[in-house]
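The listed protein sequences derive, respectively, from chains A and B. For the first sequence, my numbering gives the first residue as 1, with consecutive numbering after it. For the second sequence, my numbering gives the first residue as 1, with consecutive numbering after it. Positions of the beta carbon are idealized from the N, C-alpha and C atoms, including for glycine. Given the structure is predicted, the values throughout are model-derived calculations rather than measurements. Right, one structure below, let's go through it.
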Amino acid sequence: DTGVSQDPRHKITKRGQNVTFRCDPISEHNRLYWYRQTLGQGPEFLTYFQNEAQLEKSRLLSDRFSAERPKGSFSTLEIQRTEQGDSAMYLCASSPRSLKGETQYFGPGTRLLVL
Amino acid sequence: ILNVEQSPQSLHVQEGDSTNFTCSFPSSNFYALHWYRWETAKSPEALFVMTLNGDEKKKGRISATLNTKEGYSYLYIKGSQPEDSATYLCASSGGANNLFFGTGTRLTVIP
Numbered sequence: 001d002t003g004v005s006q007d008p009r010h011k012i013t014k015r016g017q018n019v020t021f022r023c024d025p026i027s028e029h030n031r032l033y034w035y036r037q038t039l040g041q042g043p044e045f046l047t048y049f050q051n052e053a054q055l056e057k058s059r060l061l062s063d064r065f066s067a068e069r070p071k072g073s074f075s076t077l078e079i080q081r082t083e084q085g086d087s088a089m090y091l092c093a094s095s096p097r098s099l100k101g102e103t104q105y106f107g108p109g110t111r112l113l114v115l
Numbered sequence: 001i002l003n004v005e006q007s008p009q010s011l012h013v014q015e016g017d018s019t020n021f022t023c024s025f026p027s028s029n030f031y032a033l034h035w036y037r038w039e040t041a042k043s044p045e046a047l048f049v050m051t052l053n054g055d056e057k058k059k060g061r062i063s064a065t066l067n068t069k070e071g072y073s074y075l076y077i078k079g080s081q082p083e084d085s086a087t088y089l090c091a092s093s094g095g096a097n098n099l100f101f102g103t104g105t106r107l108t109v110i111p
């Protein structure tokens, strides 16, 4: 049973550097989501893809953030010119169908620390 | 943005005790309510999805109920075990494609 995987699991970077995270969803899941969790908060929605199309972006996704899902399979989330406020857990989730209320299956997350 | 609230924030119980947590969400424009269990260093695990008022779901010693008219859901754990220690998250979709999460209830079961 291969669930959602994320890489790396942990990333420490200096302010101003660029970082990129990868998410591999469950095979054949056509929806992929990115969330961010900061200390003391629940996960907050960033963006989602249906196949390769990015259909929605949260206002949390500033212009320093970009996400791609080039072939409708894995996805990358890049943060340019990182700031200390970007320190958070970045979670990826996938779901099998394009139905509202569908269960989203989460990966273990990438914990980012910006020094 | 949906305001989803969970209480309590944290909870310590003795092994064998039963416990319950609350999730409240806007009852207007409700679509589905999700419960997840998130153990440290692991992926959040989906427990239940409920959509209909009065829904009750059960998985082993864990069960959940849903009241969409008043906007709340309860999660019950019967006979808590140390392996139940985790953060329990609820989320509502409210008709949106993404989930709106509460801040979670952190449960610690003391052996």
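1. Report all residues from its chain with a CB closer than 8 angstroms to the CB of residue 99/B; omit the five preceding and five following residues, and keep chain order.
2. So, are the CB atoms of residue 106/B and residue 87/B less than 7 angstroms apart?
3. Give the list of continuous beta strand (DSSP E) stretches no shorter than 3 residues that lie fully inside the region 27-89 of chain A.
4. Which first and last residues belong to the beta strand (DSSP E) in which residue 88/B is found?
5. May I ask you to list the residues that DSSP assigns as paired with residue 6/B?
6. Measure the Cβ-Cβ separation of residue 43/B and residue 96/A and say whether it is below 7 angstroms.
7. Quick one: list the residues of chain A neighbouring residue 104/B, beta-carbon separation under 7 angstroms, in chain order.
8. Please report the residue range of the beta strand (DSSP E) in which residue 30/B lies.
9. If the criterion is Cβ atoms closer than 7 angstroms, does the pair residue 110/B and residue 9/B meet it?
10. Could you work out which residue in 74/A, 73/A and 20/A is closest to residue 81/A when comparing CA atoms only?
11. Residue 56/A touches chain B at which residues, Cβ-Cβ below 9 angstroms?
12. Which two residues bound the contiguous beta strand (DSSP E) that contains residue 67/B?
13. Out of 50/B, 22/B and 18/B, which has the shortest C-alpha to C-alpha gap to residue 30/B?
14. Please state whether the Cβ-Cβ distance between residue 33/A and residue 88/A is less than 7 angstroms.
15. Using the rule of at least 16 other Cβ atoms within 10 Å of the residue's Cβ for burial, across every protein chain shown, is residue 63/A buried or exposed?
Straight from the coordinates:
1. Along the second sequence, read from residue 1 onward, the residue named residue 99/B stands at position 99. Contacts found: 34, 91, 92 and 93.
2. Taking the second sequence and counting its residues from 1, the one referred to as residue 106/B is at position 106. Taking the second sequence and counting its residues from 1, the one referred to as residue 87/B is at position 87. Their beta carbons are under 7 angstroms apart, which means residue 106/B touches residue 87/B by this criterion.
3. 31-37, 44-50, 53-57, 65-68 and 75-79
4. Numbered from its first residue, the second sequence carries residue 88/B at position 88. 86-92 is the span of the beta strand (DSSP E), which, as asked, contains residue 88/B.
5. In the second sequence, residue 6/B corresponds to position 6, counting from 1. Beta-bridge pairing links residue 6/B to 23/B.
6. Taking the first residue of the second sequence as 1, we reach residue 43/B at position 43. Taking the first residue of the first sequence as 1, we reach residue 96/A at position 96. Not in contact: residue 43/B and residue 96/A (Cβ atoms no closer than 7 angstroms).
7. The count along the second sequence starts at 1 and reaches residue 104/B at position 104. Within chain A, the residues near residue 104/B are 42.
8. Locating residue 30/B in the second sequence gives position 30, where the first residue counts as 1. No beta strand (DSSP E) holds residue 30/B; DSSP gives it neither H nor E.
9. Translated into positions along the second sequence, residue 110/B becomes position 110. Translated into positions along the second sequence, residue 9/B becomes position 9. Result no, Cβ atoms of residue 110/B and residue 9/B do not sit closer than 7 angstroms.
10. Indexing the first sequence from 1 puts residue 81/A at position 81. Minimum Cα distance to residue 81/A is reached at 20/A.
11. Along the first sequence, one-based indexing puts residue 56/A at 56. Neighbours of residue 56/A on chain B, chain order: 96, 97 and 98.
12. On the second sequence, residue 67/B is found 67 positions in, with the first residue counted as 1. Unbroken beta strand (DSSP E) run through residue 67/B: 62-67.
13. On the second sequence, position 30 is the one that residue 30/B refers to. Comparing Cα-Cα distances from residue 30/B to each of 50/B, 22/B and 18/B, the minimum goes to 50/B.
14. On the first sequence, residue 33/A is found 33 positions in, with the first residue counted as 1. On the first sequence, residue 88/A is found 88 positions in, with the first residue counted as 1. Contact: no.
15. By 1-based counting over the first sequence, the position of residue 63/A is 63. Exposed is the call here.
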